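Have a look at the structure below before the remarks.
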Amino acid sequence: MEQLAILDCGGQYTKVIDRKVRELGVKSDIFPLKADIDVLKNYQAIILSGGPESVWSDSALKYDGRIFSLNVPVLGICYGMQLINHHFGGTVSPGIKKEYGESRIETDKNCPLFEGIEGDTQTVLMSHGDSVEKLAPGFKAAAKSGNVIAAIYNEDLRIYGVQFHPEVDLTENGMKMLENFLRKICCFKDTYALEDRINTSIEQIKKTVGNGKVLVLVSGGVDSAVSAALLLRALDPDNIYAIHVDHGLMRKNESDIICENLKELGLKHLIRENAEDVFFNSKVEINGREVGPLTTLVDPEEKRNLIGEIFIKAVQRAAERLNLDFGKTFIAQGTLRPDLIESGNPDVSSYAHKIKTHHNDVGIIRKAREKGLVVETNWDWHKDEVRQVARMLGIDESIASRQPFPGPGLAVRVVCNDG
Numbered sequence: 004m005e006q007l008a009i010l011d012c013g014g015q016y017t018k019v020i021d022r023k024v025r026e027l028g029v030k031s032d033i034f035p036l037k038a039d040i041d042v043l044k045n046y047q048a049i050i051l052s053g054g055p056e057s058v059w060s061d062s063a064l065k066y067d068g069r070i071f072s073l074n075v076p077v078l079g080i081c082y083g084m085q086l087i088n089h090h091f092g093g094t095v096s097p098g099i100k101k102e103y104g105e106s107r108i109e110t111d112k113n114c115p116l117f118e119g120i121e122g123d124t125q126t127v128l129m130s131h132g133d134s135v136e137k138l139a140p141g142f143k144a145a146a147k148s149g150n151v152i153a154a155i156y157n158e159d160l161r162i163y164g165v166q167f168h169p170e171v172d173l174t175e176n177g178m179k180m181l182e183n184f185l186r187k188i189c190c191f192k193d194t195y196a197l198e199d200r201i202n203t204s205i206e207q208i209k210k211t212v213g214n215g216k217v218l219v220l221v222s223g224g225v226d227s228a229v230s231a232a233l234l235l236r237a238l239d240p241d242n243i244y245a246i247h248v249d250h251g252l253m254r255k256n257e258s259d260i261i262c263e264n265l266k267e268l269g270l271k272h273l274i275r276e277n278a279e280d281v282f283f284n285s286k287v288e289i290n291g292r293e294v295g296p297l298t299t300l301v302d303p304e305e306k307r308n309l310i311g312e313i314f315i316k317a318v319q320r321a322a323e324r325l326n327l328d329f330g331k332t333f334i335a336q337g338t339l340r341p342d343l344i345e346s347g348n349p350d351v352s353s354y355a356h357k358i359k360t361h362h363n364d365v366g367i368i369r370k371a372r373e374k375g376l377v378v379e380t381n382w383d384w385h386k387d388e389v390r391q392v393a394r395m396l397g398i399d400e401s402i403a404s405r406q407p408f409p410g411p412g413l414a415v416r417v418v419c420n421d422g
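If you read the sequence shown in our numbering, its first letter stands for residue 4, the second for the next number, and so on.
Structure representation (structure tokens):
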């Protein structure tokens, strides 16, 4: 299948690029900018994301210049465009015109990126302090914002760059620009459909777990419900053990409702672990420092860390009561791509900074993943895609459209102070 590599330059919209490309039916994977060239040879196109650095500075990100010799189409976004221009001999300078927010650009309809888009001007989202000062030899300006070059291209090399962000909704016709790149410039024909990805996930589960036993951690949300439903399609139901941890931090009567909904999926072994007292009164050691109990904490990140550690211990206790060896039993969870990206997980991105810790991506889970014991049934899906998958799997609409609620629940919803 045709696939596209997204090289992450540290920008905040990298996962949005990933989601939009998939919406357009193209398979995409995220790699660090310095990805191994031999890996990238397996991809038919490349997108360079935005990023906070300057291509002219000592802190500029390292990359393998051979990415531009793979004879595949390349699209650079924001920092990615500046990198292209700099690599091919143009100049990029700070302070020509800094733009943050919506801007109007004039486009050249001769550039394939803008083919089929009505109007000579477009509203786009800009977020840059540096600008292209002098075009690289062989490149043309395809758009301008006043005297600032907003897009460049070399049609012979099939290399394009935009200073703005076509992946965000604030950019008028941004999806059409991405579609033009994928379908007209890259000439991608395949469609990366959700049906195919569901079947792929089921086959991967079968291959990974085989006849083994698997724990699925079910919060009651759409992510873990999809995870459980996929396991039921792939494995013997007798080998699936679902655990719902009631930490006392959910909405009123929510755990009761969740367990009723989950039973309708066909789970034979559904265990509810009542652990309210443990969550409120326990202390844990994090990075060599004792943290807790929960009732004394103010910092939301400390709350997430403590709840994450206690959560896994609660799961371990439930597993022991079931006579399951936690160190040898597979663990299935509904972790999504954005969860892993926000946690700074190197499996997804090497440059994106950690935004926050997720309770389902703590140290013990990462260690289990290293042993091959974690089954991430929907790790490469985004939230809107998982909702579609839920409906395709026949999951009740009350779960498929359920309002997201954080795993740490009310503990992080309640704002505290130490005064």
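No residue lacks a Cβ here, since even glycine has one placed at the ideal position from N, Cα and C.
Note that the coordinates shown come from a computational prediction; the quantities given were computed from them, not determined experimentally.
Distance from the CA of residue 377 to the CA of residue 246, rounded to the nearest whole angstrom, comes to 15 Å.
Its chain contains 141, 142 as the residues whose beta carbon lies nearer than 6 Å to that of residue 157, once the 5 sequence neighbours on both sides are disregarded; these appear in chain order.
Residue environment for residue 18: buried (at least 16 other C-beta atoms within 10 angstroms of its C-beta). Burial is judged here by how many other beta carbons sit within 10 angstroms of a residue's own beta carbon; residue 25 has at least 16 and is buried. In the displayed model, residue 82 falls within a helix according to three-state DSSP. Straight across, the Cα-Cα distance linking residue 325 with residue 213 is about 20 Å. Relative to the Cα of residue 413, the nearest Cα in the group 52, 303, 329 belongs to 303. Residues of the same chain with a CB within less than 7 Å of the CB of residue 258, apart from the 5 flanking positions on each side, are 247, 249, 275 in chain order. Residue pairing by DSSP places residue 21 opposite no residue, since no beta bridge is assigned to it. A distance of 7 Å or more separates the beta carbons of residue 108 and residue 135. Looking at the DSSP output, residue 125 sits in a beta bridge with 108. Sequence-distant Cβ neighbours of residue 390 in its own chain, meaning closer than 8 Å and more than five residues away, are 225, 403, 404. Per DSSP, residue 147 is not a residue of any alpha helix (DSSP H); the beta strand (DSSP E) it occupies stretches across 143-148.
For residue 11, the beta-bridge partners assigned by DSSP are 35.
Distance between residue 88 and residue 28, taken at the CA atoms: about 29 Å.
The C-beta distance from residue 97 to residue 133 rounds to 5 Å, short enough to meet the 8 Å contact threshold.
Look at the stretch 217-250 and you find these whole runs of alpha helix (DSSP H), each 4 residues long or longer: 225-237. In this structure, the straight-line span from the alpha carbon of residue 131 to that of residue 310 is close to 38 Å. Look at residue 211 here: in three-state DSSP terms it is helix.
Rounded to whole angstroms, residue 55 and residue 83 show a C-alpha spacing of 11 Å. Fewer than three beta-carbon pairs drawn from the stretch 291-305 and the stretch 213-222 are found closer than 8 Å, and the two stretches are therefore not classed as touching. Under the three-state reduction of DSSP output, residue 98 falls in the strand class. Secondary structure note for residue 318: its alpha helix (DSSP H) is the uninterrupted segment 303-324. For residue 276, the enclosing beta strand (DSSP E) has its first and last residue at 272-277. Per DSSP, residue 402 lies in no beta strand (DSSP E); the unbroken alpha helix (DSSP H) holding it starts and ends at 400-403. A residue is called buried once 16 or more other Cβ atoms fall within 10 Å of its Cβ, and residue 336 is buried on that count. Taking all protein chains in view, the Cβ of residue 125 is crowded by 16 or more other Cβ atoms within 10 Å, so the residue is classified as buried. Annotated as distal: residue 380 and residue 216, with beta-carbon spacing of 7 Å or more. In the displayed model, residue 161 falls within coil according to three-state DSSP, outside both helix and strand. Per the Cβ contact rule, the stretch 36-52 is not in contact with the stretch 384-401 (fewer than 3 Cβ pairs under 8 Å).
Counting the other CB atoms within 10 Å of its CB gives residue 266 a total below 16, which places it among the exposed residues. Here residue 4 is exposed. Its C-beta has fewer than 16 other C-beta atoms within 10 Å. Residue 392 has no beta-bridge partner at all, per DSSP. Straight through space, the alpha carbons of residue 8 and residue 21 are spaced by roughly 9 Å. Counting C-beta atoms within 10 angstroms of its own C-beta, residue 240 has fewer than 16 neighbours from the protein chains shown and is therefore classed as exposed. Using a C-beta cut-off of 8 Å, the stretch 368-376 makes no contact with the stretch 190-208, since fewer than three inter-stretch Cβ pairs fall below that distance.
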